[in-house]
Structures are given as C-alpha cells and as structure tokens.
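Its first residue numbered 257, the sequence shown is counted upward by one per residue in my numbering.
Using N, Cα and C, we set each Cβ at its ideal position, and we do this for glycine too.
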Amino acid sequence: MRYSEMFLPTTREIPSDAETVSHQLMLRAGMIRKLTSGIYSYLPLGYRVIKKVERIVREEMNRAGAEEVFLPAVQPSELWKESGRWDFYGKELLRLKDRHNREYCFGPTHEEVMTDLVRNEIQTYRQLPKNLYQIQTKFRDEIRPRFGIMRCREFGMKDAYSYDVDEESAIVSYQKMFEAYKRIFSRCGLRFRPVEADSGNIGGSYSHEFMVYADSGEDAMMFCTSCDYAANLEKAEISEPEKAPVDESVFLPLEEVHTPDVRTIEEVSGFLGVTPQCIVKTLIFTADERPVAVLIRGDEEINEAKLRNFLGCDNLELAMDDIIKEVTDSPRGFAGPIGIKCEIIADYSLINMNNFVIGANKEDHHIINCNIGRDFSVANFSDLRMITEKDRCPRCGSPISFARGIEVGHVFKLGTKYSKAMNATYLDRDGKDKLMVMGCYGIGIGRTSAACIEQNNDKDGIVWPMPIAPFHVIITPVNVKDEDILKTSDEIYRSLEAEGIEVVLDDRDERAGVKFIDADLIGIPLRITVGKKNLVDGNVEVRFRRSGEVEIVPVEEVRDYVVAKVREGLGETD
Ligand code: ATP
Ligand code: MG
C-alpha cells in the first residue's frame with residue numbers, strides 16, 4: 257500500500273486516558289478509536305492485526321479437528337433460563353427486548369446456543385465427538401472497562417465447544433485444545449504460560465488459563481521454581497500442614513479482656529502487644545442466604561473462590577451488619593467463635609495454633625488464650641486462604657514465585673453442567689440415553705493483540721513479531737522529489753508485492769525523520785531506506801525494527817534478502 261493513500265492517523269502525544277502501553281500505542285499508531293466506554297472501532301492497521309491473529313487461530317483450530325460455525329449474537333432468554341444463567345449472569349448480560357416484548361440477550365458467550373444446536377442435531381454416539389468453534393463479537397457489560405481493547409465491553413472472541421460421549425474422551429478433546437492453544441500463542445510471538453484456574457464447583461470440571469507475562473497484567477499467577485505446577489492466585493493450592501499432637505498442658509486459662517475501640521487486626525495486635533500470627537480473624541459470610549463463620553490466622557487473607565467452592569454456593573459475600581448482630585449479639589469488629597450462632601469453618605492456618613486471641617462477641621472485648629477443642633469446635637478445616645510468597649509448592653514442596661499476567665485464553669472442562677440443564681443427550685451403543693460431556697475454549701482476539709504489544713514495544717513504539725505484524729516491510733524513500741530515489745523505491749515495492757510480501761511504500765512528501773518516527777511507532781519489522789548516500793553506490797539500507805541493526809544491501813539483491821528475512825520471521829523455512 258502507498259502510505260499517502262492509507263487511513264492511518266498516527267499521533268505523537270500520549271493519550272491522557274490510556275494507562276497501559278498497549279492502549280497508548282494502539283491509539284497513537286492509529287489502530288483503534290473509542291466510540292464510547294468499552295466500545296472500539298478498528299482502523300485498517302488494527303484490523304489487519306486482528307485478521308492475522310484470527311487466521312492463526314483458525315489454522316490451529318482446524319488442525320486440531322474443530323469445525324467453524326457462526327452462531328447468532330442475539331440469543332433468546334428461554335435458553336438462558338433453561339441453563340439457569342438468566343438470573344445468575346447479572347448485570348454483565350446485555351438484555352434486550354423486541355417489538356413483541358420478548359426477551360433476548362446479546363451473547364457474552366455461547367454455551368446455550370451451541371448446546372441447543374447440538375442437542376437438536378446429534379442423536380447417537382456415532383456422531384460424537386464434535387468440536388465446533390466460531391469467531392464472533394461478544395458483549396459483556398463490564399463494570400470497569402479499561403486498558404482499551406484489553407478489557408472492553410464489545411470484543412471478538414474465538415469460542416469453541418466440545419461434545420463427547422464420556423469423561424475419557426472429553427479429556428482427549430481438552431488436551432487437543434490445550435495443545436492448539438500452545439501453538440496459537442507461540443505463533444503470535446507471545447511469552448506465555450498455561451496455569452491451573454478455578455473452575456467453580458461443577459463436578460468433573462477443571463480449567464487452565466493461558467497467561468501472557470506482563471507486569472501491567474490484571475492477573476497474578478504463581479509457579480513452582482522446580483516442578484511444572486503453576487496456577488492463578490484464585491486457584492493456587494496450599495497443602496494441609498502436618499498436625500502436631502495436641503498438648504493440653506500448654507493451654508493457658510481463657511481470659512476476656514477489655515479492648516475499647518479496638519477492631520482491626522493491627523489495632524488488636526498493637527493493643528495486646530501480640531503479633532497478628534497469634535490472632536484469629538472471624539469473618540462472617542453469607543453463602544446463598546446462610547451465615548457462616550470463617551476463621552483464619554490474623555496475617556492471612558481469605559480466598560473467596562476457594563471458600564465458594566468449599567461451601568458449594570453461588571453467591572458469597574461478607575455479611576451485613578444485621579446478620580453479624582444476629583449471630584454474634586455484638587456490632588461488627590468483635591466476632592469470635594465462642595458461642596457464635598452459625599456454622600464454623602476454619603482455614604488450615606489454624607492447625608497447630610494454641611492460646612490465640614479471638615473476638616469475644618461482645619462490644620469492646622476480646623478473648624485471649626483460646627484453644628480449639630477446649631473452647632469451641634470447628635466443623636471443617638480446609639484450604640481457604642490466598643497463597644503467599646512464604647508458602648511452598650503444593651505438589652513438590654519447593655519455593656514458589658509470582659508473576660503478573662494477562663489472561664488471553666481459557667480452556668475449561670465443563671463436565672455435564674450444561675448438557676444436564678439443557679438435556680443434551682445421545683443414544684449410546686446399548687440404545688440408552690446418556691449426557692454429553694462438554695468442554696469450552698475461549699480466546700480473546702483483541703486482547704491477544706494488545707497483550708502482544710505489552711510484550712513487544714520500546715520507547716519508539718510497537719515492535720511487532722513478524723507473524724502478526726500489520727505489514728512485513730516499509731519502504732522509506734528519504735526524498736520523494738528525487739526521481740532516482742522514488743523510482744528505485746517503487747521498483748523494490750513492486751518486486752516485494754509480487755513475492756506476496758505485505759509492504760508499505762511511504763510515498764508521503766515528508767521529512768525522512770517524520771517517516772522514521774511513524775515507521776517505528778507502527779512497528780513494521782523491516783524498513784528499507786532508500787537515500788542518496790547509499791544509492792550512489794547502488795545500495796539501500798535495511799533496518800531491523802527490533803534490534804535496530806542495519807545492513808547495506810545492493811539494490812538488485814534487496815528483494816531476495818528481504819523475502820528471506822520475512823519468511824524467517826514467519827517461521828517458514830524453504
Ligand atoms: P476475565 O477474567 O479477564 O474477565 P473471563 O474469564 O471472564 O475473563 P472467559 O469467559 O474465559 O473470560 O473468556 C475467554 C477469553 O475472552 C478470555 O480469556 C479473554 O481473552 C477474552 N475476554 C474476556 N473478557 C474480555 C473483555 N472484557 N475484553 C476483551 N477480551 C475479553
Ligand atoms: Mg476466564
């Protein structure tokens with residue numbers, strides 16, 4: 257393409273409302289523009305990248321045996337009521353009504369529609385397994401859209417759904433997607449890691465998120481420094497500590513102490529002169545309307561995903577003041593396990609604690625020297641807290657490390673959650689009705705492109721990896737008024753186009769400096785500079801965006817030289 261004819265509005269200023277590098281650079285490089293909160297238009301340069309990511313995704317999905325379909329974006333509420341998600345999905349679901357007052361939603365995901373299609377068309381085990389995917393626009397009314405297309409409301413997603421006869425076969429389908437995802441993100445030039453992720457409390461389910469390493473990422477992950485274990489923080493397991501034998505001779509007498517205006521762990525610890533490790537926090541949650549007291553050591557944090565799974569509830573929140581009053585007979589800040597009027601569960605951190613401090617269920621009072629067994633009992637101990645740097649790998653016991661990341665893809669083994677709710681069955685060999693076993697697999701197309709910029713940029717702009725670069729090569733004639741320069745540039749341009757290379761000819765009548773700045777900003781991997789100084793000797797300069805290295809190449813060799821470099825960058829070997 258000729259730059260002078262392109263719709264490529266680049267800017268020098270850093271947009272003030274863009275917090276992340278990828279958001280800033282996508283705006284500055286003229287890739288995207290905001291229409292309204294969380295809703296973006298893709299301009300030609302941005303759309304070229306999207307198409308390239310989509311192409312890689314398609315190739316790998318097809319290679320893995322999935323078939324492409326295209327489902328409606330607008331979905332009738334009946335299907336969502338059948339699956340039970342119409343009420344559960346809450347405000348993220350964009351709900352619409354037609355002229356007959358019938359309810360619909362704009363799909364945030366397509367389990368219902370796909371399962372409806374499959375249950376109607378697939379009757380017997382002979383038609384299974386099936387894996388169907390689409391690349392489509394989703395809408396999620398995110399509470400806080402941010403970082404441009406990284407977390408927006410309308411976005412392109414590849415979503416796939418697999419249907420299998422049984423658990424074993426479903427695991428094979430899952431593995432195929434897992435491998436396909438590894439290939440997709442490698443081909444996009446990303447440094448990433450699959451991590452175990454929370455899959456809620458559905459039977460037979462598990463999941464992995466594909467995390468792209470980025471300090472700006474919204475997600476945190478932990479990984480073992482010696483074995484393969486890696487998980488997002490919600491999921492990261494903590495092993496049950498070994499229980500020391502109970503020695504009641506060390507138990508001190510229980511004592512109530514007056515602690516005026518002392519509520520938080522810091523305040524209690526300061527007032528009583530004990531470390532937070534000697535205090536037990538009692539947190540009261542409402543789990544689907546039912547109050548539960550959760551005990552955890554004072555220096556640890558509750559992991560709500562773990563707690564929700566343990567309790568098997570859909571809705572979990574910290575209890576309101578009236579519930580606290582009801583179960584503790586005291587205001588917020590003084591809850592404790594002795595005499596509390598609800599079920600008590602405890603995190604593993606309480607195992608082996610003796611003579612600890614608790615709330616007294618009485619305003620301005622705490623109790624010291626409390627001991628489990630003697631003073632109260634716990635219904636269940638479980639892993640309910642957030643992992644920290646001092647924890648060890650739950651698999652091999654080695655030290656662990658943390659990193660931040662961007663979730664670009666998610667593979668999820670669903671079990672029979674949707675097939676059961678929606679009665680998606682098939683006839684097995686013996687003519688019996690059986691539930692299909694499902695998996696679902698998503699990739700954010702825009703988020704993947706943005707994540708790539710987070711990992712590939714420098715002070716001058718984007719540094720695209722060749723496979724998803726909007727163009728492979730940019731030719732920069734230093735002075736378009738010079739006939740020789742323009743003619744040579746044009747010839748190189750045509751010769752590269754003829755080879756199938758995606759090339760921009762910067763034919764604008766601008767100073768060379770301006771053109772260099774734009775070329776660096778939009779991040780084209782190779783730049784061919786055609787200038788008087790080299791041309792006198794029959795040469796041009798080829799510059800590599802990533803390393804900044806330059807090669808002086810004879811004009812008659814530049815086509816072959818550049819074609820070889822592009823193919824190398826695309827991972828194609830002749
Ligand atoms: P998140 O935890 O980031 O909100 P999610 O777990 O809700 O994402 P999934 O339902 O697993 O997302 O969707 C599959 C993929 O779609 C994600 O891995 C991500 O790449 C992409 N995606 C999800 N939400 C958004 C969004 N608001 N904007 C852009 N991409 C998104
Ligand atoms: Mg997810």
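Distance check for residue j and residue i, CA to CA, integer angstroms please.
i	j	result
residue 550	residue 513	22 Å
residue 491	residue 645	15 Å
residue 392	residue 433	18 Å
residue 397	residue 364	9 Å
residue 474	residue 765	43 Å
residue 530	residue 631	20 Å
residue 430	residue 456	17 Å
residue 755	residue 813	14 Å
residue 428	residue 320	11 Å
residue 824	residue 791	26 Å
residue 334	residue 623	54 Å
residue 724	residue 312	9 Å
residue 633	residue 603	13 Å
residue 669	residue 696	7 Å
residue 767	residue 774	11 Å
residue 694	residue 417	7 Å
residue 349	residue 291	20 Å
residue 505	residue 659	44 Å
residue 525	residue 536	11 Å
If you drop the 5 nearest sequence neighbours on each side, which residues of the same chain put their C-beta closer than 7 Å to that of residue i?
i	result
residue 401	293, 294, 407, 408 and 409
residue 713	277, 281 and 719
residue 560	572
residue 558	539, 550, 552, 640 and 641
residue 494	604, 639, 641, 643, 647 and 650
One question on the structure: do residue i and residue j come within less than 7 Å of each other, judged by their Cβ atoms?
i	j	result
residue 466	residue 664	yes
residue 591	residue 567	no
residue 698	residue 370	no
residue 746	residue 259	no
residue 279	residue 404	yes
residue 649	residue 643	no
residue 534	residue 612	yes
residue 516	residue 585	no
residue 787	residue 734	yes
residue 617	residue 595	yes
residue 815	residue 799	no
residue 785	residue 732	yes
residue 651	residue 462	no
residue 795	residue 810	yes
residue 625	residue 508	yes
Is there at least one non-hydrogen atom of the ligand MN closer than 6 Å to the beta-carbon of residue i?
i	result
residue 411	With respect to the ligand MN, the structure offers nothing, as its ligand set consists of the ligand ATP and the ligand MG.
Here's the rule I'm using: 16 or more other beta-carbon atoms within 10 Å means buried, otherwise exposed. How should residue i be labelled?
i	result
residue 769	exposed
residue 420	buried
residue 356	exposed
residue 675	buried
residue 394	buried
residue 344	exposed
residue 752	buried
residue 308	buried
residue 772	buried
residue 341	buried
residue 562	buried
Report all residues from its chain with a CB closer than 6 Å to the CB of residue i; omit the five preceding and five following residues, and keep chain order.
i	result
residue 580	540 and 588
residue 822	728 and 757
residue 386	419
residue 636	601
residue 500	608
Which residues in the same chain as residue i place their Cβ atom closer than 8 Å to its Cβ, once the five residues preceding and following it in sequence are excluded?
i	result
residue 441	448, 466, 468, 664, 665 and 704
residue 384	378, 419, 420, 421, 425, 682 and 692
residue 352	330, 359, 360, 361 and 362
residue 677	338, 339 and 340
Does chain D have any CB closer than 7 Å to the CB of residue i?
i	result
residue 329	The structure shown contains no chain D, having only a single protein chain.
message: To test your reading of the DSSP string, which unbroken beta strand (DSSP E) runs of 3 or more residues are found completely within the segment 636 to 716?
response: Taking only runs of at least 3 residues, the beta strand (DSSP E) segments lying wholly in the segment 636 to 716 are 636 to 638, 656 to 671, 681 to 683, 689 to 691 and 693 to 700.
query: Where in the segment 324 to 401 do unbroken runs of the alpha helix (DSSP H), each at least 4 residues long, occur, reported from the N-terminal end onward?
result: Counting only runs of 4 or more, we get 333 to 339, 341 to 344 and 367 to 377.
task: With a floor of 4 residues, list each alpha helix (DSSP H) that falls wholly inside the segment 726 to 806, ordered by position along the chain.
output: The segment 726 to 806 contains these whole alpha helix (DSSP H) runs: 739 to 754, 768 to 778 and 788 to 791.
- prompt: Can you list, in chain order, the stretches of the beta strand (DSSP E) that have 3 or more residues and sit fully within the segment 471 to 530?
  reply: Listed in chain order, the complete beta strand (DSSP E) runs (minimum 3 residues) inside the segment 471 to 530 are 475 to 480, 486 to 488 and 511 to 514.
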